[in-house]
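Chains as they are written, first to last, in the working numbering: chain U, 1 to 138; chain A, 1001 to 1138; chain P, 2001 to 2080; chain S, 3001 to 3080.
Okay, structure first, notes after.
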Amino acid sequence: MIDIQITDKPLDMQACINMVMHPQCGGIDVFIGTVRELTKGKQVLRLEFEAYEAMALKEMRKIAETAFEKWPVQRMAIHHRTGVLEVGEVPVVIAVSAAHRAAAFDACRYTIDTLKQTVPIWKKEIFENGEVWVAAHP
Amino acid sequence: MIDIQITDKPLDMQACINMVMHPQCGGIDVFIGTVRELTKGKQVLRLEFEAYEAMALKEMRKIAETAFEKWPVQRMAIHHRTGVLEVGEVPVVIAVSAAHRAAAFDACRYTIDTLKQTVPIWKKEIFENGEVWVAAHP
Amino acid sequence: MKVKVLAFGIAKEIFGSRHIEVDMAEAANVQQLKAVLEQQFPRLKQLASYLVAVNDEYAEGPQALGERDEVAVIPPVSGG
Amino acid sequence: MKVKVLAFGIAKEIFGSRHIEVDMAEAANVQQLKAVLEQQFPRLKQLASYLVAVNDEYAEGPQALGERDEVAVIPPVSGG
């Protein structure tokens, strides 16, 4: 079971966990991204996330499917939020269940690492005195 | 901030996550242990967890403190349940926050791996036709 | 042919729009599209990198474009 | 001296009790306690392993025991 969602509503972490629970699973690893107050010493006021939604859903599903091929995992939920997020809010939740915990850890970490490299979602950091699309420039 | 708890009540996963949230954290890794239906092909009816509580709390704190020395993590919650658990219930939740996700993943995985080796908590598996203290015999 | 190009993130700001239309020769490819875009919008060349997607899939330079394709400029992603 | 020994998990079942009292020479150590316990409860030797904790800390064989110490038999742990 793979559940992929992009939404502009606050993410429900407990719902992601419940979704991947399974009587044959022995461990669940969950990654929760949060908006940090500081980036390179500058105070972040808020972030804005924008997604190329159709493609982002497809790319997230590819990552999940690759994780299922690489590790014996049972269920995976990847929920990504878009729109304006304040410090402390949650842009992404990834929950992975597996019979044994090593697979859950490996697959969860692979998923967030790959998501950050390939999924067409963009983050703009808004500071007191300006804003910047993260990673856009060298 | 380190929060260590042993309780015979159901664990509150969202509370563990909220406890480690911090404006300077960029990622949280959460490990959730769950009771599996099958062990080596035999149907588990339920589990019973017993703790040497004072020592288990001390050993869990040592693991957390070692994790704080080894990785730049911000907050950690380790909650372990005791008593009778049915299939699908949650004996352990470990939540770790850090500015950067690699530290959260490493510290969380180290914590559950070490907990399973050193913390004086015991699990009895109850099957249809008998029961066994896990790992007691070679 | 006219190719409609979607823009996201900083590309949307560089184009000044969520999508633009580009005039291309029939069966022009991704590589040629990039050359045209970079000529019209030189700021694209200042990006750390950017990719082109065709119908929701990352596309290589030689891939041919058609008028009905959904084409998008993908600046460096930063989700998660 | 009398040493009170707590038992957990399968050790509790081997002892038939959550705690027992063991007669030991003054200043006996952990190693000697294990020998006495194994004589009284030979099933201890069938365990994959077991450790002794003194005052909530794992203890090595040479550690001396006192009457006021809280001593515990720790069979292989299986939490998590």
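Heads up, the beta-carbon is just placed ideally off N, CA and C, and yes, glycines get one too.
Exercise. So ILE1032 (chain A) packs on MET1021 (chain A), CB below 8 Å; how close in whole Å?
Worked result: Here residue 1032 (chain A) corresponds to residue number 32 of the second sequence, with the count starting at 1. Here residue 1021 (chain A) corresponds to residue number 21 of the second sequence, with the count starting at 1. Going by Cβ atoms, the distance from ILE1032 (chain A) to MET1021 (chain A) rounds to 17 Å, so no, they are not a contact pair.
Problem set entry | Beta carbon of THR1111 (chain A) nearer than 7 Å to that of ILE1094 (chain A) | Your numbering for residue 1111 (chain A) matches position 111 in the second sequence. Your numbering for residue 1094 (chain A) matches position 94 in the second sequence. Their beta carbons are under 7 Å apart, which means THR1111 (chain A) touches ILE1094 (chain A) by this criterion.
For this session: Name the two residues that bound the continuous beta strand (DSSP E) containing PHE1127 (chain A).
Result: For this step, residue 1127 (chain A) is matched to residue 127 along the second sequence. PHE1127 (chain A) -> beta strand (DSSP E) spans 1121-1127.
Exercise. At least one CB of chain U closer than 7 Å to the CB of VAL1087 (chain A): is that the case?
Worked result: As a first step, residue 1087 (chain A) must be located in the second sequence, where it is residue number 87. Answer yes: the Cβ-Cβ gap between VAL1087 (chain A) and chain U drops below 7 Å somewhere.
Exercise. Quick one: does ASP12 (chain U) have its CB under 7 Å from some CB of chain A?
Worked result: Along the first sequence, read from residue 1 onward, the residue named residue 12 (chain U) stands at position 12. No, because no Cβ of chain A sits closer than 7 Å to the Cβ of ASP12 (chain U).
Exercise. Alpha carbon to alpha carbon, how far is GLN2031 (chain P) from PHE105 (chain U)?
Worked result: On the third sequence, residue 2031 (chain P) is found 31 positions in, with the first residue counted as 1. On the first sequence, residue 105 (chain U) is found 105 positions in, with the first residue counted as 1. Taking the straight line joining both Cα atoms gives about 39 Å.
Exercise. Does DSSP put PHE2008 (chain P) in a helix, a strand or coil?
Worked result: Position 8 of the third sequence, counted from the start, is the residue given in the question as residue 2008 (chain P). Three-state DSSP puts PHE2008 (chain P) in coil, outside helix and strand.
Problem set entry | Nearest-angstrom Cα separation, counted from LEU1085 (chain A) out to ILE1004 (chain A) | As a working mapping, residue 1004 (chain A) is identified with position 4 in the second sequence. As a working mapping, residue 1085 (chain A) is identified with position 85 in the second sequence. Cα to Cα, the separation comes out at about 20 Å.
Problem set entry | Per-residue contacts from PRO1023 (chain A) into chain U (C-beta, under 8 Å) | Along the second sequence, one-based indexing puts residue 1023 (chain A) at 23. In chain order: ARG36, GLU37, VAL87, GLY88.
Exercise. Whose Cβ in chain P lies nearer than 8 Å to the Cβ of PHE49 (chain U)?
Worked result: Here residue 49 (chain U) refers to the residue found at position 49 when the first sequence is read from its first residue. Residues of chain P passing the Cβ test: GLY2079.
For this session: Identify which residue in A:VAL1073, A:PRO1138, A:ALA1015 has its Cα closest to the Cα of GLU1102 (chain A).
Result: As a working mapping, residue 1102 (chain A) is identified with position 102 in the second sequence. According to the sequence displayed, residue 1102 (chain A) carries Ala and not Glu. Selected option, being the one with the closest Cα: A:VAL1073.
Problem set entry | Where ALA2048 (chain P) meets chain U, residues with beta-carbon distance less than 7 Å | The residue given as residue 2048 (chain P) occupies position 48 in the third sequence. Ordered by position in chain U, the residues that pass the 7 Å Cβ test against ALA2048 (chain P) are ALA135, ALA136, HIS137, PRO138.
Problem set entry | Beta carbon proximity, GLU2059 (chain P) to chain U, threshold 7 Å | The sequence position of residue 2059 (chain P) within the third sequence is 59, counting from 1. First, the amino acid is wrong: residue 2059 (chain P) is Ala here, not Glu. No, because no Cβ of chain U sits closer than 7 Å to the Cβ of ALA2059 (chain P).
Exercise. Quick one: Cα of LYS2034 (chain P) to Cα of THR7 (chain U), how far?
Worked result: Locating residue 2034 (chain P) in the third sequence gives position 34, counting from the first residue. Locating residue 7 (chain U) in the first sequence gives position 7, counting from the first residue. Using only the alpha carbons, I get a separation of about 31 Å.
Exercise. In or out: SER2049 (chain P) buried (at least 16 other Cβ within 10 Å) or exposed?
Worked result: By 1-based counting over the third sequence, the position of residue 2049 (chain P) is 49. That one is exposed.
Problem set entry | Neighbourhood of ALA3027 (chain S) by C-beta, 6 Å cutoff - its chain only, sequence neighbours within 5 removed | Here the question's residue 3027 (chain S) lines up with position 27 in the fourth sequence. So the list reads ALA3064, once near-sequence residues are dropped.
Exercise. Would you call the CB atoms of ALA2007 (chain P) and VAL2073 (chain P) closer than 7 Å?
Worked result: If you number the third sequence from 1, residue 2007 (chain P) lands on position 7. If you number the third sequence from 1, residue 2073 (chain P) lands on position 73. Yes, the pair counts as a contact, with Cβ atoms nearer than the cut-off.
Problem set entry | Per DSSP, cross-strand counterpart(s) of VAL2022 (chain P) | Translated into the one-based positions of the third sequence, residue 2022 (chain P) becomes position 22. BP columns for VAL2022 (chain P) point to P:VAL2003.
For this session: Work out the CA separation of LEU1038 (chain A) and ALA1135 (chain A) for me, nearest whole Å.
Result: The count along the second sequence starts at 1 and reaches residue 1135 (chain A) at position 135. The count along the second sequence starts at 1 and reaches residue 1038 (chain A) at position 38. In a straight line, the C-alpha of ALA1135 (chain A) is about 16 Å away from that of LEU1038 (chain A).
For this session: Starting from GLU2057 (chain P), follow its DSSP beta bridges and name the residues at the other end.
Result: As a working mapping, residue 2057 (chain P) is identified with position 57 in the third sequence. GLU2057 (chain P) pairs with P:VAL2054.
Exercise. Which residues mark the beginning and the end of the alpha helix (DSSP H) in which MET13 (chain U) is found?
Worked result: Start at 1 with the first residue of the first sequence, and residue 13 (chain U) comes out as number 13. Looking at the DSSP string, the run of the alpha helix (DSSP H) that includes MET13 (chain U) is 13-20.
Exercise. Are ILE2 (chain U) and ALA51 (chain U) touching if we call contact CB-CB under 7 Å?
Worked result: By one-based count along the first sequence, residue 2 (chain U) stands at place 2. By one-based count along the first sequence, residue 51 (chain U) stands at place 51. No, they are not a contact pair.
Exercise. Who does ILE77 (chain U) pair with in a DSSP beta bridge?
Worked result: Here residue 77 (chain U) is taken as the residue at index 77 of the first sequence, counted from 1. The question names Ile, but residue 77 (chain U) in the sequence shown is Ala. The partner list for ALA77 (chain U) (beta bridge, DSSP) reads U:ASP3, U:ALA95.
Exercise. With contact counted as at least three CB pairs below 8 Å, one residue from each stretch, are the region 3051-3067 of chain S and the region 1054-1064 of chain A in contact?
Worked result: yes
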